[in-house]
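Data block below; observations after.
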Amino acid sequence: GLLALAARRGARFMPGTTVTGFSPTAGGWKVEREGGPPLTVDAVVVATGGLSVPNTGSDGRGLEVLAGLGHTVNPTYPALTPVVAEPSRFGSLAGVSLPVTIAARDGARSASATGGFLFTHHGYSGPSVLDVSHVVVRSRTEADAGARLVIRWTELDEKGWEAALTPDGPRTVAGALRRALPERLADALAELAGVAPSRTLAQLRREERLRLIGVLVRGELPWTGDEGYRKAEVTGGGVSLAEVDPRTLASRRHPGLLLCGEVLDAFGPIGGYIFLWAWATGRAAGIAAARRPPERPQPLK
Ligand SMILES: Cc1cc2nc3c(=O)[nH]c(=O)nc-3n(C[C@H](O)[C@H](O)[C@H](O)COP(=O)(O)OP(=O)(O)OC[C@H]3O[C@@H](n4cnc5c(N)ncnc54)[C@H](O)[C@@H]3O)c2cc1C
15 GLLALAARRG ARFMPGTTVT GFSPTAGGWK VEREGGPPLT VDAVVVATGG LSVPNTGSDG
75 RGLEVLAGLG HTVNPTYPAL TPVVAEPSRF GSLAGVSLPV TIAARDGARS ASATGGFLFT
135 HHGYSGPSVL DVSHVVVRSR TEADAGARLV IRWTELDEKG WEAALTPDGP RTVAGALRRA
195 LPERLADALA ELAGVAPSRT LAQLRREERL RLIGVLVRGE LPWTGDEGYR KAEVTGGGVS
255 LAEVDPRTLA SRRHPGLLLC GEVLDAFGPI GGYIFLWAWA TGRAAGIAAA RRPPERPQPL
315 K
């Protein structure tokens, strides 16, 4: 495996070692650690991650040290984290999942996603919710008002639902909705629109039909908070990308310092993109760190 290969090439592992700081010296770097003398090294690759899921060891200390070394650390925030709605209008739907299209928007930023949606006991999760959650999170601290979450529950648009809700013999509202939605959700959305699920489509007045279509196509999803770093799959913010050389990931502030992965201010949607970012930047930083003499990055303008 990878560890065995690294060991054969002379890598030394010090598991369980907490780094408390690192600082430049005349010819390289001094790395302070808990429970042992400092290490003297030629180059430092900072791969300490963000603040997400702190019990995995990523507590943000790397970012603190980098800020102390003069790097610009853009404000951090939890991203790809479930959204909380308590008390929840949809609490009884916990466990129901379906594909949706969801958009989050506040005055400054917006995001939309199509994909899995899951009702939880505390609110909403699933890839689509996680992908727009940073807009919700940031609206809580950076915007005048909370972001609006607007959801289209099925692939059908207004026209599609107009057709699907056309009177058809004894077909009921529940019958029409359940063709495209999980049963319990179909009934809940009908009730949300003020339409009894047991009524036949022929009994619906025009304004009731339009109200129902509005809920199905542009439903407002109430929320009260987010699950924060405790459940965030990634940390937004971090060291400004302008401060690293994009080819080598070398710091533009200090020679022999390389940054990779989540300490940098970048993240992407669910789907393996964040792993790819960590692996690709880690590889580039490792290769650059091994180069002798260390490559000099373009200085900051
Ligand atoms: C629950 C969860 C699920 C995820 N799922 C996906 C997914 O499906 N797809 C995807 O693309 N991404 C996913 N991610 C995101 C991805 O795992 C991270 O973005 C990626 O691992 C970041 O890599 P990293 O090397 O920058 O940091 P990390 O993987 O966080 O590694 C940082 C390491 O540094 C160590 N460390 C921190 N500070 C110190 C210190 N002071 N001294 C010594 N060691 C220290 C930590 O213990 C940790 O081992 C997920 C993340 C989480 C939390």
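Numbering (the working numbering), first residue to last: 15 to 315. C-beta atoms are modelled at their ideal positions from N, C-alpha and C, and glycine is treated no differently. Source: prediction; values computed, not measured.
- Look at Ala61: its beta carbon is less than 7 Å from one of the heavy atoms in ligand 1.
- The three-state reading of DSSP puts Pro68 in helix, counting H, G and I together.
- Within the chosen limit of 7 Å, ligand 1 does not reach the beta carbon of Ser139 with any heavy atom.
- In the structure shown, Trp43 adopts extended strand secondary structure according to DSSP, grouped into three states.
- A direct Cα-Cα distance of roughly 23 Å separates Val277 from Ala25.
- With a cut-off of 7 Å, the C-beta of Ile288 is classified as near ligand 1, since at least one heavy atom of the ligand falls inside that distance.
- Look at Phe36 here: in three-state DSSP terms it is strand.
- With contacts defined by Cβ atoms closer than 8 Å, Leu94 and Val87 do not form a contacting pair.
- Rounded to the nearest angstrom, the gap between the Cα atoms of Glu46 and Gly140 is 40 Å.
- Taking 7 Å as the cut-off, the C-beta of Ser124 does not count as close to any heavy atom of ligand 1.
- Between ligand 1 and the CB of Gly71, the shortest heavy atom gap is smaller than 7 Å.
- Judged by DSSP secondary structure, Pro141 falls within the alpha helix (DSSP H) whose first and last residues are 141–156.
- Put simply, the backbone Cα of Arg75 is about 21 Å away from that of Ala303.
- A Cβ-Cβ separation of about 6 Å places Cys274 in contact with Val59 under the 8 Å criterion.
- Taking the Cβ of Arg75 as the reference point, at least one heavy atom of ligand 1 falls within a distance shorter than 7 Å.
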